[in-house]
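K.L.:
Here it is, the structure, as structure tokens.
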Amino acid sequence: MNNWLVQHVSALLFTLRRLRATPASSLFNILIIGIAISLPAGMYVLLQNVQGLAEQATGAPQISVFLSLDASREDAARIGGQLKQHEAIGRVEFVSREQALEQIKRSTGLADIIGELTQNPLPDAYIIYPKKLDPQTLETLRDELQKWPKLEHVQLDSAWVRKLEALLKFGRLAVLILAMLLSFALVAVTFNTIRLQILTRHDEIEVSKLIGATDSFIRRPFLYSGLLQGLLGGATAWLIIVISLRLLNSSLAGLMQLYASSFTLHAFSAKDTLTLLGFSAYLGWLGAWLSVAQRLWQIEPG
Amino acid sequence: MISFSQVCKRYPGGYEALKNISFDIAEGEMVFITGHSGAGKSTLLNLIAAIERPNSGSVVVNGQNVASLKAGAIPYLRRNLGLVFQDHKLLFDRSVFDNVMLPLQICGFDHRESDKRVRAALDKVGLLQREKANPIALSGGEQQRLCIARAIVNRPSILLADEPTGNLDMAYAADIMGIFKSFHQVGVTLLIATHDEGVMRQFEARALALKHGELQPTSVRQAHGKHE
Numbered sequence: 114m115n116n117w118l119v120q121h122v123s124a125l126l127f128t129l130r131r132l133r134a135t136p137a138s139s140l141f142n143i144l145i146i147g148i149a150i151s152l153p154a155g156m157y158v159l160l161q162n163v164q165g166l167a168e169q170a171t172g173a174p175q176i177s178v179f180l181s182l183d184a185s186r187e188d189a190a191r192i193g194g195q196l197k198q199h200e201a202i203g204r205v206e207f208v209s210r211e212q213a214l215e216q217i218k219r220s221t222g223l224a225d226i227i228g229e230l231t232q233n234p235l236p237d238a239y240i241i242y243p244k245k246l247d248p249q250t251l252e253t254l255r256d257e258l259q260k261w262p263k264l265e266h267v268q269l270d271s272a273w274v275r276k277l278e279a280l281l282k283f284g285r286l287a288v289l290i291l292a293m294l295l296s297f298a299l300v301a302v303t304f305n306t307i308r309l310q311i312l313t314r315h316d317e318i319e320v321s322k323l324i325g326a327t328d329s330f331i332r333r334p335f336l337y338s339g340l341l342q343g344l345l346g347g348a349t350a351w352l353i354i355v356i357s358l359r360l361l362n363s364s365l366a367g368l369m370q371l372y373a374s375s376f377t378l379h380a381f382s383a384k385d386t387l388t389l390l391g392f393s394a395y396l397g398w399l400g401a402w403l404s405v406a407q408r409l410w411q412i413e414p415g
Numbered sequence: 214m215i216s217f218s219q220v221c222k223r224y225p226g227g228y229e230a231l232k233n234i235s236f237d238i239a240e241g242e243m244v245f246i247t248g249h250s251g252a253g254k255s256t257l258l259n260l261i262a263a264i265e266r267p268n269s270g271s272v273v274v275n276g277q278n279v280a281s282l283k284a285g286a287i288p289y290l291r292r293n294l295g296l297v298f299q300d301h302k303l304l305f306d307r308s309v310f311d312n313v314m315l316p317l318q319i320c321g322f323d324h325r326e327s328d329k330r331v332r333a334a335l336d337k338v339g340l341l342q343r344e345k346a347n348p349i350a351l352s353g354g355e356q357q358r359l360c361i362a363r364a365i366v367n368r369p370s371i372l373l374a375d376e377p378t379g380n381l382d383m384a385y386a387a388d389i390m391g392i393f394k395s396f397h398q399v400g401v402t403l404l405i406a407t408h409d410e411g412v413m414r415q416f417e418a419r420a421l422a423l424k425h426g427e428l429q430p431t432s433v434r435q436a437h438g439k440h441e
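Chains as they are written, first to last, in my numbering: chain C, 114 to 415; chain Z, 214 to 441.
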């Protein structure tokens, strides 16, 4: 066990020394990987933000229920009671027809016209805040309410939420495809660098085999090299995104001031950061492993 | 220690490098393998180190049949062998010291122990003063001595040397053979392939003479090592 640890540590140190020995090419490799990863990762971060924004903007999607004009106050109270007891509904707000008219007068500047009306054309209404907000639940609820007597119209205010949801879905798919493609690119980049490393160290591999090195001993520094390259590439991508977001946020602050809003773009959560680093390290390792598997058996002494 | 029985080695294309070779080498014995170039000397050594596999027959080293050894077991066989190559096979991207260090790294020795062993091996071949040099700066004789230091640093019980004096002048060759002799004296089993008659005459040792892949009967009569 101890011996095993020593071998791994020394392989890692050896790999680090070699990275340092060729700083320019190591740096460019890491940059390439970093930029490749930062594209899907950056898109992912933006999507997360848009999603957050959407949730913030809609608040809770609501359902407006308009009673029939012939419904009396008693009917309204009864319906209100039923709504309050409905298991899918969290909170109910009553807007009487007088209130509604008052609101319109105030907010639309139509006071003159409304003042000339002989009777109030507006119905009593309830605004419903459902407990669950997914489109499915909302629609079921709407369909159910529609069947209630004395209800003229049930209006779901979440149609645009659905549209946004569909758009986000599309965006996530695009990110996924991009991430997959660039993962292949990352594997290919490491594959190639490791292949070159193996070629330049052909003699060392041959001699090592001749004096009793196991395949795993020979493989180890290359695998570490790929792993490290992926990890550092992931860290570079992280940096690129964090710095970009900082720049975007500072210009966004000016923009948002005009809208009297305080929206800022958020970078990665700790979990996302770990996932990013882990995934890029894994891909680097994978590229190295493929390269080693393909090349190493070709180098047989004799 | 090493025993060949009815070993044949044929290369693709039909060339027979070794034909029906049988012999035994006892522990601690020093044996020359002689013959013209192309007689099969290198092939014979390669079979012992499992660098090549025989087409038929068995090659037993330390009680293990190398001919049927699994690929995964070969590294451990080689750790018990010291290999000295005619072309040295040194690594020029690292110092003399690190070249000798390589076998110990492979076996996973800890640092203090391996440093000591490397210095002892370099001392034995007279290269202790050059430990920081790059092997490229060494003369041919020194490079061969470095190759020997690397072969013995792991303290193998068997040393295989393929034309160790092949490219060297007389003085260097005598030097190298002196080093081999000292290993022989501490009980290492030695197999030295050479076509250099001058070198062999300095030693009282058995010679296995190969000619066109066949063992010449004369060599058996010359033998005066112990048999297993």
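Glycine included, C-beta positions come from ideal geometry on N, C-alpha and C. All values derive from a computational prediction rather than experimental measurement.
#1: Hey, would you say I150/C sits closer than 7 Å to S393/C, going by beta carbons?
#2: Could you tell me which of A366/C, P334/C and K384/C sits nearest to L378/C, measuring between CA atoms?
#3: What residue range does the alpha helix (DSSP H) around S363/C cover?
#4: When the cut-off is 7 Å and only beta carbons count, does Q411/C lie next to chain A?
#5: Determine, for L118/C, whether the minimum Cβ-Cβ distance to residues of chain Z falls below 7 Å.
#6: Taking only the alpha-carbon atoms, compute the straight-line gap between Q429/Z and G400/Z and give it to the nearest angstrom.
#7: Quick one, which of Q216/C, E319/C, L159/C and D183/C has its alpha-carbon nearest R359/C's?
#8: Start and end of the alpha helix (DSSP H) containing L258/C?
#9: Excluding the 5 residues flanking G284/C on each side, which residues of the same chain have their C-beta closer than 6 Å to its C-beta?
#10: Using only the alpha-carbon positions, how far apart do P248/C and L235/C sit?
#11: Per DSSP, what kind of secondary structure is Y289/Z in: helix, strand or coil?
#12: What residue range is occupied by the uninterrupted alpha helix (DSSP H) comprising R363/Z?
#13: Pair every Cβ in the region 373-384 of chain Z with every Cβ in the region 328-346 of chain Z, then say whether three or more of these pairs are closer than 8 Å.
#14: Using the Cα positions of E326/Z and H121/C, report the straight-line distance between them to the nearest angstrom.
#15: From G325/C to I287/Z, what distance separates their C-alpha atoms?
#16: For the beta strand (DSSP E) that R419/Z lies in, which residues bound it at each end?
#17: Where T256/Z and G295/Z are concerned, what is the direct C-alpha to C-alpha distance, given to the nearest angstrom?
#18: Count the other CB atoms, across all protein chains shown, that sit within 10 Å of the CB of L260/Z; report buried if there are 16 or more and exposed otherwise.
#19: What are the residues that DSSP puts in a beta bridge with R204/C?
#20: Look at T378/Z and A384/Z and say whether their C-beta atoms are less than 7 Å apart.
#21: Which residues of chain Z have a Cβ atom closer than 7 Å to the Cβ of D316/C, listed in chain order?
#22: Go through its chain and collect everything with a Cβ distance to I227/C's Cβ below 7 Å, but skip five positions before and after it.
#23: Any C-beta of chain Z within less than 7 Å: which residues of the region 315-346 of chain C qualify?
#24: Once you ignore the five residues that flank K232/Z on each side, which residues in its own chain have a CB closer than 7 Å to its CB?
#25: In the region 122-136 of chain C, which residues sit with their C-beta less than 8 Å from some C-beta in chain Z, listed in chain order?
#26: Taking 7 Å as the CB-CB limit, is R330/Z close to chain C?
#27: Measure how close the beta-carbons of L423/Z and A252/Z come, nearest whole angstrom, since I'm counting them as under 8 Å.
#28: Report the CB separation of E265/C from S181/C in whole angstroms; it is logged as a contact under 8 Å.
#29: What residues from the region 229-261 of chain Z come within 7 Å of chain C, judged by C-beta to C-beta, listed N to C?
#30: Between S281/Z, D311/Z and V297/Z, which has its C-alpha nearest I392/Z's C-alpha?
#31: Which chain C residues sit within Cβ distance under 9 Å of I365/Z?
#32: Pull up the distance between the alpha-carbon of Q277/Z and that of G270/Z, whole angstroms please.
#33: Helix, strand or coil for V220/Z per DSSP?
#34: Candidates D409/Z, R414/Z and R419/Z: which alpha carbon is nearest G248/Z's?
#35: Anyone know if the C-beta pair for I331/C and I318/C falls short of 7 Å?
#36: Could you check which residue in G354/Z, L381/Z and K394/Z has the C-alpha nearest to that of E417/Z?
P.N.:
Inspection of the coordinates gives the following:
#1: yes
#2: A366/C
#3: D328 to L371
#4: Absent from the structure is chain A; the protein chains it does hold are C and Z.
#5: Look at L118/C: its C-beta is not under 7 Å from any C-beta on chain Z.
#6: 27 Å
#7: L159/C
#8: P248 to Q259
#9: L160
#10: Cα atoms of P248/C and L235/C: separation of roughly 28 Å, rounded to the nearest angstrom.
#11: In the structure shown, Y289/Z sits in a helix (DSSP, three-state: H, G or I).
#12: G353 to I365
#13: no
#14: 18 Å
#15: 7 Å
#16: R419 to K424
#17: 16 Å
#18: buried
#19: Y242/C
#20: no
#21: L304
#22: Take I227/C, set aside five residues on each side of it, and the residues of its chain with a beta-carbon closer than 7 Å to its own are L214, I217 and K218, in chain order.
#23: D316, E317, V320, S321, L323, I324, G325, A326, T327 and F330
#24: C221, G426 and E427
#25: S123
#26: Not closer than 7 Å to any Cβ of chain C, the Cβ of R330/Z fails to qualify, so no.
#27: With a Cβ gap of about 4 Å, L423/Z and A252/Z count as contacting.
#28: About 5 Å separates the two Cβ atoms, so the contact holds.
#29: Those residues of the region 229-261 of chain Z placed with their C-beta closer than 7 Å to a C-beta in chain C are N259, ordered along the chain.
#30: V297/Z
#31: Within chain C, no residue comes near I365/Z; the closest Cβ sits about 11 Å away, beyond 9 Å.
#32: 13 Å
#33: strand
#34: Of D409/Z, R414/Z and R419/Z, the residue nearest in Cα terms is D409/Z.
#35: yes
#36: Out of G354/Z, L381/Z and K394/Z, K394/Z has the C-alpha closest to the C-alpha of E417/Z.
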